[in-house]
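J.:
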Amino acid sequence: MQRAAVLVRRGSCPRASGPWGRSHSSAAAEASAALKVRPERSPRDRILTLESMNPQVKAVEYAVRGPIVLKAGEIEMELQRGIKKPFTEVIRANIGDAHAMGQQPITFLRQVMALCTYPNLLSSPSFPEDAKKRARRILQACGGNSLGSYSASQGVNCIREDVAAFITRRDGVPADPDNIYLTTGASDGISTILKLLVSGGGKSRTGVMIPIPQYPLYSAVISELDAVQVNYYLDEENCWALNVDELRRAVRQAKDHCDPKVLCIINPGNPTGQVQSRKCIEDVIHFAWEEKLFLLADEVYQDNVYSPDCRFHSFKKVLYQMGQEYSSNVELASFHSTSKGYMGECGYRGGYMEVINLHPEIKGQLVKLLSVRLCPPVSGQAAMDIVVNPPEPGEESFEQFSREKEFVLGNLAKKAKLTEDLFNQVPGIQCNPLQGAMYAFPRILIPAKAVEAAQSHKMAPDMFYCMKLLEETGICVVPGSGFGQREGTYHFRMTILPPVEKLKTVLHKVKDFHLKFLEKYA
120 MQRAAVLVRR GSCPRASGPW GRSHSSAAAE ASAALKVRPE RSPRDRILTL
170 ESMNPQVKAV EYAVRGPIVL KAGEIEMELQ RGIKKPFTEV IRANIGDAHA
220 MGQQPITFLR QVMALCTYPN LLSSPSFPED AKKRARRILQ ACGGNSLGSY
270 SASQGVNCIR EDVAAFITRR DGVPADPDNI YLTTGASDGI STILKLLVSG
320 GGKSRTGVMI PIPQYPLYSA VISELDAVQV NYYLDEENCW ALNVDELRRA
370 VRQAKDHCDP KVLCIINPGN PTGQVQSRKC IEDVIHFAWE EKLFLLADEV
420 YQDNVYSPDC RFHSFKKVLY QMGQEYSSNV ELASFHSTSK GYMGECGYRG
470 GYMEVINLHP EIKGQLVKLL SVRLCPPVSG QAAMDIVVNP PEPGEESFEQ
520 FSREKEFVLG NLAKKAKLTE DLFNQVPGIQ CNPLQGAMYA FPRILIPAKA
570 VEAAQSHKMA PDMFYCMKLL EETGICVVPG SGFGQREGTY HFRMTILPPV
620 EKLKTVLHKV KDFHLKFLEK YA
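Our numbering puts the first residue of the sequence shown at 120, with every later residue one more than the last.
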């Protein structure tokens with residue numbers, strides 16, 4: 120024992136022998152030598168490659184978070200590492216993310232969400248009674264009185280009831296909670312309905328009519344589903360108006376190679392900001408009835424109307440006011456969200472769709488499809504409830520809620536006018552009035568030499584322009600080619616969400632850049 124203890128202290132322990140009398144170390148050496156003489160195997164081929172992947176997924180493009188946004192991320196990392204640039208920050212004006220741009224949350228919405236998330240706060244005197252009342256109602260409809268439980272696939276029942284009541288108040292026509300489906304943002308609802316609608320092959324493949332310019336969600340989902348994209352062009356010379364004659368042209372030409380079944384409308388427009396008149400909506404509904412088209416009405420910007428000459432009209436309301444021939448036959452899905460409006464609660468991913476005149480058997484198929492993803496986030500459902508069930512006159516929170524809502528929308532209206540006016544002062548930039556939504560989509564002059572330079576870099580001319588703008592000013596906007604535009608015209612989309620002073624800085628930087636760009640490539 121003393122001998123062993125001495126050896127351990129000195130760090131030299133007797134070697135243990137293996138089963139045939141060899142030490143473990145010599146056996147390991149022999150094994151290592153054997154591995155060295157064994158021929159090396161080539162790396163095993165990957166199962167999933169660009170060649171073997173789903174080609175429809177590969178075809179998907181989403182410009183709002185495309186190459187220019189990746190480049191913006193790279194530049195931000197370089198700034199963090201201390202690499203010098205002609206600017207100190209990247210301003211992400213590429214996406215309508217209100218809170219990321221500095222917009223403050225609506226107090227009442229966050230109060231109810233806090234109470235729902237941590238119900239112990241219901242006993243706190245710091246929260247108003249009307250917020251507690253709504254939180255209790257939501258929690259009582261959740262399994263185990265918790266937002267952490269699953270809901271029914273169609274959504275929490277009482278929230279669907281509140282959505283139906285909201286639509287009834289808004290439109291003056293009844294809404295059935297059974298036609299309401301809560302969704303993970305409006306995007307989820309749009310994708311789900313299109314999945315049901317796309318079928319056939321060859322000339323019978325479903326054609327989906329979308330506006331150009333469009334929100335890239337539509338072209339992305341159409342690619343993913345291998346449907347046929349049918350473009351109809353908005354009239355830029357007439358404030359991006361929708362012309363029914365253009366719809367007729369598009370559907371007539373599409374019938375040569377597909378079966379047009381779906382007509383998508385974005386009102387107020389994204390990226391174009393136009394607000395459709397009631398007469399225009401009537402014409403579109405009549406066209407859909409005439410051509411037997413399923414209508415998709417993307418109405419997520421319904422609170423964002425700034426022009427005093429414009430007013431939001433829902434497709435549901437106009438459809439019912441046109442009489443029973445239309446209201447009983449035209450199939451319509453309408454979409455709304457927590458992400459836009461005065462709320463700007465993008466991260467909650469709350470939304471709903473109302474689907475009317477759906478065949479009873481298809482309604483069952485829709486619920487089945489929704490059940491595959493179990494349910495939308497219940498926290499997002501709760502946020503949607505607060506949007507459709509805000510404080511009422513006489514309630515404790517009503518005045519503060521109204522002040523905050525009016526401040527946000529009033530501020531956006533000022534920024535819409537500011538953006539339009541400043542852009543139109545710049546030679547080579549032309550911007551239509553921003554009647555609604557939260558973006559400008561100005562037309563830009565790109566000289567022939569710049570077009571040639573873009574081609575040498577294998578870029579679309581407006582992508583080249585926007586990339587140069589990012590690299591020289593730190594301003595990230597989205598090229599118009601990502602939304603679609605008429606051949607030979609160039610645009611970019613920019614959000615008007617930054618605070619007024621920062622927005623002024625952005626607009627002046629764009630002006631200075633544009634004048635230098637024209638001079639360089641003249």
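Don't be surprised by glycine CBs; every beta carbon is placed ideally from N, CA and C.
#1: Would the segment 431-439 and the segment 290-302 be scored as touching if the rule is three or more Cβ pairs under 8 Å?
#2: Answer yes if the segment 319-330 comes into contact with the segment 510-530, meaning at least three C-beta pairs across the two stretches below 8 Å, and no otherwise.
#3: My understanding is that Leu414 touches Val449, with C-beta atoms under 8 Å, so please give their C-beta distance in whole angstroms.
#4: To the nearest angstrom, report how far apart Gly483 and Leu315 are at their CA atoms.
#5: Is Gly304 helix, strand or coil by DSSP?
#6: Could you check whether the segment 557-571 touches the segment 538-547, counting it as contact only if at least three pairs of C-beta atoms, one from each stretch, sit closer than 8 Å?
#7: Which whole-angstrom value is the C-beta distance of Met328 and Ala369, which I expect to be below 8 Å?
#8: Which residues does DSSP pair with Cys585 in a beta bridge?
#9: Consult DSSP for Met503 and reduce its assignment to one of helix, strand or coil.
#10: Measure the C-alpha to C-alpha separation of Asp281 and Arg256 and round it to an integer number of angstroms.
#11: Whole-angstrom Cβ separation of Gly274 and Leu301, contact assumed at under 8 Å?
#12: Is it the case that the CB of Leu412 approaches a heavy atom of the ligand FMN more closely than 7 Å?
#13: What would DSSP say about Asp354, mapped onto helix, strand or coil?
#14: Please return the same chain residues whose Cβ sits closer than 7 Å to the Cβ of Ser306, not counting the five positions on each side in sequence.
#15: Hey, out of Val347, Cys494, Pro390, Leu167, whose CA is closest to Leu353's CA?
#16: Going by Cα to Cα distance, which pick from Ile299, Asn423, Ser446, Ile385 is closest to Ile408?
#17: Select from Ala452, Ser243, Glu197 the residue whose C-alpha is nearest the C-alpha of Leu313.
#18: Could you check what DSSP says for Leu541 in three-state terms: helix, strand or coil?
#19: What do you reckon, are the CB atoms on Pro509 and Gly221 nearer than 8 Å?
#20: Determine the extent of the alpha helix (DSSP H) in which Leu626 is found, giving its start and end residues.
#21: Would you decide whether Val619 is buried or exposed? Buried here means 16 or more other CB atoms lie within 10 Å of its CB.
#22: If contact is defined by three or more beta carbon pairs under 8 Å, each pair taking one atom from either stretch, is the segment 257-266 in contact with the segment 488-506?
#23: Does the Cβ of Ala178 have 16 or more other Cβ atoms within 10 Å, making it buried, or fewer, making it exposed?
#24: For the candidate residues Leu344, Ile299, Ile404, whose alpha-carbon lies nearest to that of Gln443?
#25: Quick check on Leu398: buried or exposed, where buried means 16 or more other Cβ atoms within 10 Å of its Cβ?
#26: Distance, Cα to Cα, Ser338 vs Leu634?
#27: If you follow the beta strand (DSSP E) that Pro174 is part of, which residue opens it and which one closes it?
#28: If distances are taken between C-alpha atoms only, which option among Ala271, Leu169, Ile286, Ser272 comes closest to Ile475?
#29: Could you tell me how far apart the beta carbons of Val625 and Ala233 are, in whole angstroms, since I believe they sit closer than 8 Å?
#30: Which value, in whole angstroms, describes the spacing of the CA atoms of Asn239 and Phe246?
#31: Does the count of Cβ pairs from the segment 416-424 and the segment 184-193 closer than 8 Å reach three?
#32: Going straight from the alpha carbon of Lys623 to that of Phe632, what length do you get?
#33: DSSP state of Pro390, grouped into three classes?
#34: Drop a sphere of 10 angstroms on the beta-carbon of Ile385, count the other beta-carbons inside from all chains shown, and report buried for 16 or more, exposed for fewer.
#35: Nearest by alpha-carbon distance to Ala217: which of Phe406, Gln372, Tyr467, Pro244 is it?
#36: Which of the three DSSP states, helix, strand or coil, is assigned to Met232?
T.: Quick look at the numbers:
#1: yes
#2: no
#3: 6 Å
#4: 11 Å
#5: In this structure, Gly304 counts as helix in the three-state DSSP scheme.
#6: yes
#7: 6 Å
#8: None; Cys585 has no bridge partner.
#9: helix
#10: 11 Å
#11: Their Cβ separation, rounded to whole angstroms, is 3 Å, which keeps Gly274 and Leu301 in contact under 8 Å.
#12: This structure does not include the ligand FMN; it has no bound ligands of any sort.
#13: Asp354: strand per DSSP, three-state reduction.
#14: Leu336
#15: Pro390
#16: One point to set straight first is that residue 408 is Trp, not Ile, in the sequence displayed. Ranking Ile299, Asn423, Ser446, Ile385 by Cα distance to Trp408 puts Ser446 first.
#17: Ala452
#18: Note: Leu541 maps to helix in three-state DSSP.
#19: no
#20: 619-639
#21: Exposed.
#22: yes
#23: Per the 10 Å Cβ criterion, exposed.
#24: Ile404
#25: Checking the sequence, you will find Lys at residue 398 rather than Leu. Per the 10 Å Cβ criterion, exposed.
#26: 33 Å
#27: Run containing Pro174: none in the beta strand (DSSP E); it sits in the alpha helix (DSSP H), 174-178.
#28: Ile286
#29: Val625 to Ala233, Cβ: 33 Å. No contact.
#30: 12 Å
#31: No: fewer than three Cβ pairs fall under 8 Å.
#32: 14 Å
#33: Of the three classes helix, strand and coil, the one that applies to Pro390 here is coil, per DSSP.
#34: buried
#35: The shortest Cα separation from Ala217 among Phe406, Gln372, Tyr467, Pro244 belongs to Tyr467.
#36: helix
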